[in-house]
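Read through the structure below, which is laid out as structure tokens, and then see the notes.
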């Protein structure tokens, strides 16, 4: 299951503002889990996208 968090394929940087507490907890989770913040955020975003396809235009396939 921990392999599900690894970044697969090409990566790119994004810039996003998040609530201060979200950033703090992400940092704590990364330290505790030994996963990077990028791995945790990427997995969280992929799960969000998978469950909210209604936010995508009809012609986008998603993940």
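In my numbering, the protein residues as written are 31 to 93. For each residue, glycine too, the CB sits at the ideal point set by N, CA and C.
Check, Outcome
"DSSP state of residue 55 mapped onto helix, strand, coil", "helix"
"Nearest-angstrom beta carbon gap, residue 59 and residue 75 [assumed within contact, 8 Å]", "Between residue 59 and residue 75 the Cβ distance is about 14 Å, and since that is not below 8 Å, they are no contact."
"CA-to-CA distance, residue 88 to residue 56, given in whole angstroms", "32 Å"
"Residue range of the unbroken alpha helix (DSSP H) whose run includes residue 75", "67-81"
"Contacting residues, own chain, Cβ-Cβ under 8 Å from residue 68 (five flanking each side not counted)", "37 and 41"
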